[in-house]
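Just below is one structure, and these are the notes that go with it.
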Amino acid sequence: MPQVAVVMGSTSDWSSMKKTTEILDILGVNYEKHVISAHRMPKELQVFGENARKNGLQVIIAGAGGAAHLPGMLAANTTVPVIGVPMQTHALNGLDSLLSIVQMPAGVPVATVAIGDAGSKNAGILAAQIISLNDSHVHAALTEFRARQTQASIESEEDLV
Ligand code: RP5
Numbered sequence: 001m002p003q004v005a006v007v008m009g010s011t012s013d014w015s016s017m018k019k020t021t022e023i024l025d026i027l028g029v030n031y032e033k034h035v036i037s038a039h040r041m042p043k044e045l046q047v048f049g050e051n052a053r054k055n056g057l058q059v060i061i062a063g064a065g066g067a068a069h070l071p072g073m074l075a076a077n078t079t080v081p082v083i084g085v086p087m088q089t090h091a092l093n094g095l096d097s098l099l100s101i102v103q104m105p106a107g108v109p110v111a112t113v114a115i116g117d118a119g120s121k122n123a124g125i126l127a128a129q130i131i132s133l134n135d136s137h138v139h140a141a142l143t144e145f146r147a148r149q150t151q152a153s154i155e156s157e158e159d160l161v
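Following the UniProt record's numbering from start to finish, the sequence shown increments by one per residue and tops out at 161.
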């Protein structure tokens with residue numbers, strides 16, 4: 001049963017949002033993925049948000065670019081935590097996405113990560129950290145991931161030749 005939903009506004013977001021699903025795979029988190037455009041599919045967005053909790057979702061990761069209303073409107077339709085990922089756009093380099101996602105009004109939070117691939121990866125890790133509060137397998141995978149990451153950084157010094 002999916003613990004996390006990875007939602008994006010368009011297939012054009014997939015190359016970046018793939019970083020999210022790759023890390024969820026590594027950390028053993030069950031997820032589903034969807035394209036739901038806030039502007040082109042407003043009714044589908046509302047239905048998805050309204051059913052998220054009863055469908056067993058514990059975290060929603062939503063990536064969008066430009067006038068990036070998807071994460072905020074999902075958050076408006078559910079109390080499942082939403083992590084927003086600002087896509088790096090061509091026109092404004094993702095600053096448009098970031099400001100659209102991060103500036104939520106009080107009362108409807110979206111946990112916003114960095115623009116682009118780093119944010120996409122971190123969204124997956126953050127979701128896994130939330131899931132790990134009640135899932136010992138994911139907790140173990142996260143602990144191992146952190147240890148490997150630390151070791152890789154220590155060993156990277158050897159590349160300074
Ligand atoms: C947003 O508009 C999507 O999240 C995407 O980043 C952006 C452009 O979408 P396309 O025109 O490429 O489908 O809704």
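All C-beta atoms in this analysis are idealised placements derived from N, C-alpha and C, irrespective of residue type, glycine included. The structure displayed is predicted, hence computed values, not measured ones.
Comparing the CB of residue i with every heavy atom of ligand 1, is any distance shorter than 8 Å?
i: residue 8; result: yes
i: residue 63; result: yes
i: residue 112; result: no
i: residue 87; result: yes
i: residue 39; result: yes
i: residue 136; result: no
i: residue 25; result: no
i: residue 13; result: yes
i: residue 91; result: no
i: residue 152; result: no
i: residue 45; result: no
i: residue 84; result: no
i: residue 97; result: yes
With DSSP as the reference, identify every bridge partner of residue i, one or two as the case may be.
i: residue 86; result: 64
i: residue 150; result: Beta-bridge pairing links residue 150 to no other residue.
i: residue 34; result: 7
i: residue 111; result: 83
i: residue 59; result: 4
Cα separation between residue i and residue j?
i: residue 21; j: residue 140; result: 18 Å
i: residue 57; j: residue 3; result: 5 Å
i: residue 26; j: residue 113; result: 20 Å
i: residue 74; j: residue 146; result: 30 Å
i: residue 51; j: residue 42; result: 14 Å
i: residue 65; j: residue 11; result: 11 Å
i: residue 155; j: residue 130; result: 29 Å
i: residue 8; j: residue 18; result: 10 Å
i: residue 150; j: residue 158; result: 14 Å
i: residue 61; j: residue 144; result: 23 Å
i: residue 110; j: residue 83; result: 6 Å
i: residue 39; j: residue 63; result: 14 Å
i: residue 125; j: residue 23; result: 7 Å
With distances taken Cα to Cα, identify the nearest neighbour of residue i among the options.
i: residue 77; options: 33, 90, 92, 54; result: 54
i: residue 135; options: 120, 28, 23, 9; result: 28
i: residue 13; options: 80, 45, 86; result: 86
i: residue 94; options: 127, 63, 30, 116; result: 116
i: residue 101; options: 30, 69, 23, 19; result: 69
i: residue 59; options: 160, 32, 152; result: 32
i: residue 105; options: 161, 160, 71, 24; result: 71
i: residue 15; options: 128, 44, 88; result: 88
i: residue 142; options: 153, 91, 128; result: 128
i: residue 96; options: 137, 6, 67; result: 67
i: residue 98; options: 79, 119, 80, 133; result: 119
i: residue 107; options: 79, 91, 132; result: 79
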